[in-house]
Amino acid sequence: MSGSVARSGAHRAPEVEESLDELAELAASAGAEISERLTQSRSAPEAATLVGRGKVEELAAAAKGSAADVVIFDHDLTPTQQRNLEKAIGCKVIDRTQLILDIFASRARTREGRLQVELAQLNYLLPRLAGHGVEMSRLGGGIGTRGPGETKLETDRRRIARRIKKIEDDLEGVRAGRALHRHRRSAVPLATLALAGYTNAGKSTLFNRLTKAAVLTDARMFATLDPTVRPLVLPSRRRVLMSDTVGFIRNLPTTLVKAFRATLEEVTEAALVLHVVDVSSPGAEERTTHVLKVLAEIGAAAIPQILVINKMDRLPAGEADAETVKRRLLSESGGHADTRAVTISALTGDGVDRLLAAIDEVLPLDPLVRARFRLPAGDGAAIALLHEFGRVLDTQFSGEVCEIEAEIPESLSRRLKGWT
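The sequence shown runs 59 to 478 under the working numbering.
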């Protein structure tokens, strides 16, 4: 499939080019081959076609000349604008939101992911039903379908509204299930770390490096959508859970943000957020700003963060200082200047030890304490907890009593307080 990408709006040239570059990357991720790029600057959008008659004629000629199958706009289109543009250009026209939805639909693997994408797609489709051909306006009647005089359009809207309600109910069940799992996890002293960052920043590569998981890593945008949680043992022997979440992107459709609420809650419930930044990207500063903005929007701004400056192996040696890079990334983003920063290469593993040590220092939950316990020798569950979640320093048996000295998380110490 080949396509043209178009941008309309009054923006500074570098921002326009960066946004078009990202749109082209999204299109390539969806399997399209870009044949041409066009831009337009207007003081205000044209109501009927967004871009105006002259630009529409130019687009039609470009699409015909390159035999394009689809024209992609880097701007949200109203249903009317989309219909008018398709009629005038003579091929399929989609906007940035629809392109992202198509990519998400092809990448979702779990039932939850598929439900989230379908919900976003239906919310996007609902206002666009009108005008999709005469079949949408046929009259008819029938038992259990539509009454006399009711149009097929109205029936379709009702059917989609029912499906949206059903998916929302199912996702509420997923949300309740996640809350239950989090509650069960909180009964055991395990903090959760959430990987967050712009799409294609290297989160899944880092996730695999730290947890020895086998999450798909791919240069395409949104290669992984479904969240994955794996255990991780820190240098202090504390055990934590690490969650790999969906990547962020500029102008992420609000329908997707709402649909992926259950997934994003993994970030809002985390004890520590690892904000992964691809420092080799030309737009690293802007992408950092955008991720911080999204974290604030979902209520995660107050959660402690570590700025994980990834892909340092692609920078010259003189530019690899963590504090210097951090100041550059956070200078215009509104991020906290005291945020801990660590430079790494998730691909080569360089700096991962420093990252693990930083997590141990910054993690606000469960500081390590040294304690001595007198446990019944037959209490295998309590003894196993000390060995599993702490570092046992000394063990002595005296009759029916087992004395254990260990370095353990404070929450576990409180849990076993009756045996100290």
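We put the CB at the ideal spot given by N, CA and C, even for glycine.
Query, Result
"Would you kindly work out how many angstroms separate the C-alpha atoms of Ala281 and Cys460, rounded to a whole number?", "Residue placement at Ala281 cannot be trusted, given a pLDDT of 49 that sits under 50; the coordinates are not used to answer."
"Where DSSP assigns a beta bridge to Gly255, which residues make up the other side?", "Val334"
"Relative to the C-alpha of Val352, which candidate in Asn309, Ile441, Leu268, Pro374 has its C-alpha closest?", "Asn309"
"With DSSP run on the structure shown, which of helix, strand or coil describes Leu108?", "strand"
"Could you give the DSSP three-state label for Arg345: helix, strand or coil?", "helix"
"If you draw a straight line from the C-alpha of Arg472 to the C-alpha of Ala429, how long is it?", "10 Å"
"On the premise that Val366 lies in contact with Leu264, defined as a C-beta separation below 8 Å, what is that separation, rounded to the nearest angstrom?", "7 Å"
"Give every residue of the same chain whose Cβ lies closer than 6 Å to the Cβ of Arg372, excluding the five residues on either side of it in the sequence, and list them in chain order.", "Ser338"
"Using 10 angstroms around the beta-carbon of Gln174, count the other beta-carbons present and answer buried if the total reaches 16, otherwise exposed.", "buried"
"Got a sec? Which residues, its chain only, sit under 6 Å from Ile222 by beta carbon, not counting five neighbours each side?", "Leu180"
"Please tell me whether Ala118 and Ile147 are closer than 8 Å, where the distance is taken between their beta carbons.", "yes"
"Do you know offhand how far Ala156's Cα is from Tyr182's?", "In the sequence on display, residue 156 carries Gln and not Ala. Roughly 8 Å separates the two Cα atoms."
"For Gly448 versus Leu470, is the C-beta distance shorter than 8 Å?", "yes"
"Would you tell me roughly how many angstroms separate the C-alpha atoms of Arg154 and Ala416, rounded to the nearest one?", "38 Å"
"Determine the DSSP secondary structure at Lys475, reduced to helix, strand or coil.", "helix"
"According to DSSP, is Leu299 part of a helix, a strand, or is it coil?", "strand"
"Quick check: what's the CA-CA separation for Val335 versus Gly305?", "11 Å"
"Could you have a look at Thr397 and say whether DSSP puts it in helix, strand or coil?", "coil"
"Going by DSSP in three states, Arg432 sits in which element: helix, strand or coil?", "strand"
"Identify which residue in Leu330, Leu387, Asp379, Ile361 has its Cα closest to the Cα of His348.", "Leu387"
"List the whole-angstrom C-beta distance separating Asp418 from Leu292, where the pair is believed to meet the contact cut-off of C-beta under 8 Å.", "5 Å"
"Look up Arg288 in the DSSP assignment and give the residues it is bridged to.", "Met300"
"Between the Cα of Ala249 and those of Arg295, Ile402, Ile218, Leu159, spot the shortest distance and give me the residue it belongs to.", "Arg295"
"For Leu143 and Leu421, I'd like the C-alpha separation in whole angstroms.", "52 Å"
"Should Pro374 be labelled buried (16 or more other beta-carbon atoms within 10 Å of its own) or exposed?", "exposed"
"Which of the three DSSP states is assigned to Ile92 in this structure?", "strand"
"Can you tell me the Cβ-Cβ gap for Leu426 and Leu332, rounded? I've got them flagged as a contact below 8 Å.", "Contact doesn't hold; Cβ gap of about 20 Å is too wide."
"Just to confirm before moving on: does the CB-CB distance between Glu116 and Leu135 stay below 8 Å?", "no"
"Going by the beta-carbon positions, is the gap between Ile356 and Leu330 smaller than 8 Å?", "no"
"Between which two residues does the beta strand (DSSP E) carrying Lys369 extend?", "Neither: Lys369 is in no beta strand (DSSP E) and is coded neither H nor E."
"Near Ile402, what residues of its chain come up, given a Cβ to Cβ distance below 8 Å and the 5 sequence neighbours on each side ignored?", "Leu264, Val366, Ile367, Asn368, Met370, Asp408, Gly409, Val410, Arg412, Leu413"
"Out of Pro103, Asp160, Lys150, Glu83, point me to the one whose CA is closest to Ala126's CA.", "Lys150"
"If we call anything under 8 Å between Cβ atoms a contact, is Arg297 one with Ala271?", "no"
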